[in-house]
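**Student:** Numbering (full-length UniProt numbering), first residue to last: 1 to 387. Glycine included, each C-beta is placed from N, C-alpha and C at the ideal position. Values in this document were obtained by computation on a predicted structure and should not be read as measured data.
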Amino acid sequence: MMSKQAAAFTTPPESFIHPPLTPPASEAKALSSHRVSGILAHLRLRRSGQLIKYKPWSVFQLAPGEYDQLITLFKASESLWTFWEHNVRFDYFSRSNRFILRMPTSTHEFFLSTVVLEIQAQLQRIAAGTGAAAAFARDVGYRGSPRLVFPVDETTEEDAADEDAADRDNNDANTSPKYDSHEPDAAFTHLDAQWPGVVIEVSYSQKKKDLQYLAEDYILGSNGNINAVVGIDIEYKHSKKATLSIWQPQYEHDDHGQEVLVSVQTVDEEFRDALGNCAAGPSTGLKLKLKNFGPDTMLENADAEEMSQLVSIPSSMLYEFMLRVERDASKTKDRKGKMVDLKPGARKRRRPRTPPEELKSDHERSFLEQEARDAKRSAKCDDDYEE
Numbered sequence: 001m002m003s004k005q006a007a008a009f010t011t012p013p014e015s016f017i018h019p020p021l022t023p024p025a026s027e028a029k030a031l032s033s034h035r036v037s038g039i040l041a042h043l044r045l046r047r048s049g050q051l052i053k054y055k056p057w058s059v060f061q062l063a064p065g066e067y068d069q070l071i072t073l074f075k076a077s078e079s080l081w082t083f084w085e086h087n088v089r090f091d092y093f094s095r096s097n098r099f100i101l102r103m104p105t106s107t108h109e110f111f112l113s114t115v116v117l118e119i120q121a122q123l124q125r126i127a128a129g130t131g132a133a134a135a136f137a138r139d140v141g142y143r144g145s146p147r148l149v150f151p152v153d154e155t156t157e158e159d160a161a162d163e164d165a166a167d168r169d170n171n172d173a174n175t176s177p178k179y180d181s182h183e184p185d186a187a188f189t190h191l192d193a194q195w196p197g198v199v200i201e202v203s204y205s206q207k208k209k210d211l212q213y214l215a216e217d218y219i220l221g222s223n224g225n226i227n228a229v230v231g232i233d234i235e236y237k238h239s240k241k242a243t244l245s246i247w248q249p250q251y252e253h254d255d256h257g258q259e260v261l262v263s264v265q266t267v268d269e270e271f272r273d274a275l276g277n278c279a280a281g282p283s284t285g286l287k288l289k290l291k292n293f294g295p296d297t298m299l300e301n302a303d304a305e306e307m308s309q310l311v312s313i314p315s316s317m318l319y320e321f322m323l324r325v326e327r328d329a330s331k332t333k334d335r336k337g338k339m340v341d342l343k344p345g346a347r348k349r350r351r352p353r354t355p356p357e358e359l360k361s362d363h364e365r366s367f368l369e370q371e372a373r374d375a376k377r378s379a380k381c382d383d384d385y386e387e
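1) Round the Cβ separation of S239 and A274 to the nearest angstrom and send it over; I've been treating them as touching at under 8 Å.
2) Cβ atoms of A242 and A132: under 8 Å apart, would you say?
3) Suppose the cutoff is 7 Å on Cβ atoms and the five residues either side in sequence are ignored; what does the same chain contact list for R272 look like?
4) Is T105 a contact residue of the ligand FAD, with contact defined as CB to any heavy atom under 7 Å?
5) Can you tell me the Cα-Cα spacing of A121 and V325, whole angstroms?
6) Buried or exposed: which applies to T22, given that a residue is buried once 16 or more other Cβ atoms fall within 10 Å of its Cβ?
7) Contact between the region 209 to 228 and the region 261 to 268 is defined here as three or more beta-carbon pairs at a separation below 8 Å; is this criterion met?
8) Given a cut-off of 8 Å on the beta-carbon distance, is the pair R147 and F188 in contact?
9) Report yes if the C-beta distance between F293 and G197 is below 8 Å; otherwise report no.
10) Express the C-alpha separation of A128 and V140 in angstroms, rounding to a whole number.
11) Please state whether the Cβ-Cβ distance between residue 388 and L62 is less than 8 Å.
12) How far does the beta strand (DSSP E) with G294 in it reach, from first residue to last?
13) Just to check my reading of the structure: I234 and V202 have Cβ atoms closer than 8 Å, yes? What is that Cβ distance to the nearest angstrom?
14) In angstroms, rounded to a whole number, what distance separates the CA positions of R347 and V340?
15) Do three or more CB pairs link the region 299 to 317 to the region 88 to 100 at distances below 8 Å?
16) Would you kindly report the start and end of the unbroken alpha helix (DSSP H) that includes K333?
17) Looking only at C-alpha atoms, which of R35, T114, K291, S113 sits nearest to E65?
18) When DSSP builds the beta bridges, which residues end up paired with L101?
19) Could you name the residues of the same chain whose beta carbon sits closer than 6 Å to that of K53, not counting the 5 residues immediately before and after it, in chain order?
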């Protein structure tokens with residue numbers, strides 16, 4: 001995990017969050033434990049392979065202090081904490097107490113891999129040259145899905161006006177440091193940089209609503225060191241539309257003349273229309289400059305023109321990537337892929353396995369049954385709290 005840095009943060013507007021009505025005081029404590037236990041049960045079932053149905057983007061609206069409670073409970077179990085640290089991908093927006101579990105589908109993982117491989121190939125071509133730009137490119141690498149933690153700056157007066165009054169009333173009771181945590185689908189980082197220069201998010205219909213706020217957290221949380229947030233939306237309900245979006249840091253002046261860092265969307269375009277046709281224009285597509293992959297402090301002695309070399313994927317290529325992914329999904333679903341059959345007359349023989357350990361007591365059996373009930377309740381919580 002990367003070390004913490006001070007970060008700026010803009011509270012999402014109220015339209016971003018639709019929390020349930022505040023429960024009566026007599027029910028608040030019970031509801032709080034219900035939310036946390038539901039998430040715990042969900043992850044226990046997932047760890048044991050018993051979670052049959054899941055959403056790739058599950059949203060939970062927590063109460064103040066519940067995220068800290070959740071982490072404390074995870075740490076109390078060594079096996080669950082290990083699973084959390086190495087197998088669970090999540091996002092946490094501290095200002096809104098919004099907690100999200102990620103479970104990307106194979107379709108989105110395949111599409112992401114095609115984009116990552118193309119970017120890597122172009123970086124390698126630049127790295128094969130000579131000079132400062134080539135040396136810079138050689139030190140830029142794909143970092144998978146790192147957990148990025150951004151401590152939240154104190155709220156400004158302008159931000160405070162956007163916060164819910166109930167949240168402000170709870171600030172005194174919840175005195176633990178606030179921080180935002182995110183795990184992008186893909187990140188490219190220079191060896192000498194603290195933060196990734198470029199992050200990529202492949203979104204689904206549910207995740208798309210949160211994408212602009214993710215981009216804002218990445219850019220403001222890293223103090224603008226994340227130079228580009230690439231969002232690719234490839235799944236719309238009842239539509240084959242696919243879009244490309246890019247957000248980048250920019251300094252502006254507010255009404256008082258104060259310089260402020262903001263997240264600005266610089267690209268918003270379709271590369272496939274709702275009917276599934278290629279919507280690529282001659283100059284559209286993903287275009288990143290080499291310098292976007294590292295902080296400006298590393299470019300002082302580099303040639304500006306060399307560092308402006310493009311790493312680009314035309315919209316037509318993104319469209320072809322989509323077709324390839326869909327063909328693969330269809331082939332797998334219909335079992336039409338090429339394969340070798342078992343030799344005629346041959347049988348299969350498996351290694352003998354040690355029988356699974358029997359439940360040692362009625363108490364343990366009851367505990368597992370309770371976990372299953374909690375998981376069902378957590379699924380309902382998910383439906384209640386999700387936008």
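**Tutor:** Short version:
1) As a working mapping, residue 239 is identified with position 239 in the sequence shown. As a working mapping, residue 274 is identified with position 274 in the sequence shown. About 4 Å separates the two Cβ atoms, so the contact holds.
2) As a first step, residue 132 is located in the sequence shown; it is residue number 132 there, counting from the start. As a first step, residue 242 is located in the sequence shown; it is residue number 242 there, counting from the start. No, the Cβ-Cβ distance between A132 and A242 is not below 8 Å.
3) Here residue 272 refers to the residue found at position 272 of the sequence shown. Apart from sequence neighbours up to five positions away, the residues of its chain that approach R272 with a beta-carbon distance below 7 Å are K240, K241, A242, C278, A279, Y319, M322, ordered along the chain.
4) In the structure shown, the ligand FAD is absent, as is every other ligand, since no ligand is present at all.
5) Along the sequence shown, one-based indexing puts residue 121 at 121. Along the sequence shown, one-based indexing puts residue 325 at 325. Approximately 19 Å, taken between the alpha carbons.
6) What you label residue 22 is simply residue 22 of the sequence shown in a count that begins at 1. Because T22 carries a pLDDT of 40, less than 50, the predicted location of this residue cannot be relied on, and the following value inherits that uncertainty. By the neighbour-count rule (16 or more Cβ atoms within 10 Å), T22 is not buried but exposed.
7) These segments touch.
8) Walking along the sequence shown from the start, residue 147 turns up at place 147. Walking along the sequence shown from the start, residue 188 turns up at place 188. Not a contact, by the Cβ cut-off of 8 Å.
9) Taking the sequence shown and counting its residues from 1, one reaches residue 293 at position 293. Taking the sequence shown and counting its residues from 1, one reaches residue 197 at position 197. Yes, they are a contact pair.
10) Within the sequence shown, numbered from 1, the residue matching residue 140 stands at position 140. Within the sequence shown, numbered from 1, the residue matching residue 128 stands at position 128. Looking at the two C-alpha atoms, the distance is approximately 13 Å.
11) As displayed, the chain neither begins before 1 nor continues past 387, which places residue 388 out of reach and without an answer.
12) As a working mapping, residue 294 is identified with position 294 in the sequence shown. No beta strand (DSSP E) contains G294, which DSSP labels as neither H nor E.
13) One-based indexing of the sequence shown puts residue 234 at position 234. One-based indexing of the sequence shown puts residue 202 at position 202. Right, the Cβ-Cβ distance comes to about 6 Å (below 8 Å), so this counts as a contact.
14) Counting from one through the sequence shown, the residue named residue 347 turns up at place 347. Counting from one through the sequence shown, the residue named residue 340 turns up at place 340. Their backbone Cα atoms lie some 15 Å apart in a straight line.
15) These segments do not touch.
16) In the sequence shown, the residue the question calls residue 333 occupies position 333. Unbroken alpha helix (DSSP H) run through K333: 315 to 334.
17) Within the sequence shown, the letter at position 65 stands for residue 65. It is Gly, not Glu, that sits at residue 65 in the sequence shown. Nearest option by C-alpha distance: R35.
18) Taking the sequence shown and counting its residues from 1, the one referred to as residue 101 is at position 101. According to DSSP, L101 bridges with S58, F90.
19) For the purposes of this step, residue 53 is taken as the residue at position 53 of the sequence shown. Closer than 6 Å at the Cβ level, and outside the excluded window around K53, lies no residue.
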